[in-house]
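Numbering (my numbering), first residue to last: 1 to 170. Built from N, CA and C at the ideal position, the CB exists for glycine as well. One structure below.
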């Protein structure tokens, strides 16, 4: 019967249809214990698995259906947070101040890397990082361990900008 799976939602009636079946080949662990980033509009899913005593840290990237696109061993450092940019590049911020941008051209990641402190003279660490969208594309706001705030307004701009009124030695 056509009407057997129709549900009332307010003034509307909806019907659930399966468009496709998820294809996660591997059993995904509890994602609450891993870093994850999901791209907008049904884009890729990145899962960062921190190393246990017996395993190495790994980055796995799945498409929206759940098929593995690529995976690689993470050797870069202590990953703090990650997000997908508006151009579907994976942006990773590490505690040492390095920002890594993985572009998934042809399935294998291409890496660009830069540091919030280009002189690398201080032992300043990244305490927190938040991603945002603006007219310039995807940006990153970074709070450091010394209380400074830095902004990267668009991922093509590799020059961090300090918050107005803060002393800077860029």
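C-alpha gap between residue 97 and residue 40, whole angstroms: 26 Å
Validate contact between the stretch 140-156 and the stretch 82-102 using beta carbons, cut 8 Å, 3 pairs: Contact between the stretch 140-156 and the stretch 82-102 is present, because at least three Cβ pairs lie under 8 Å.
Terminal residues of the beta strand (DSSP E) in which residue 140 lies: 137-144
Extent of the continuous beta strand (DSSP E) run through residue 84: 79-84
The stretch 61-74 touching the stretch 125-137, judged by at least three CB pairs closer than 8 Å: no
Distance between residue 10 and residue 169 (C-alpha atoms, nearest Å): Low confidence applies to residue 169: its pLDDT is 48, below 50, so where it sits in the model is not reliable enough to give any reading.
Identity of the residue in 142, 6, 63 and 88 nearest residue 81 by Cα: 142
DSSP-derived helix/strand/coil call for residue 123: DSSP places residue 123 in coil when its eight states are reduced to three.
Which of helix, strand or coil DSSP assigns to residue 153: If DSSP states are grouped into helix, strand and coil, residue 153 belongs with coil.
Three-state secondary structure assigned by DSSP to residue 31: Look at residue 31 here: in three-state DSSP terms it is helix.
Exposed unless 16 or more other CB atoms sit within 10 angstroms - verdict on residue 3: Result: exposed.
Helix, strand or coil at residue 20 according to DSSP, with G and I counted as helix: coil
Residue(s) in a DSSP beta bridge with residue 70: 61
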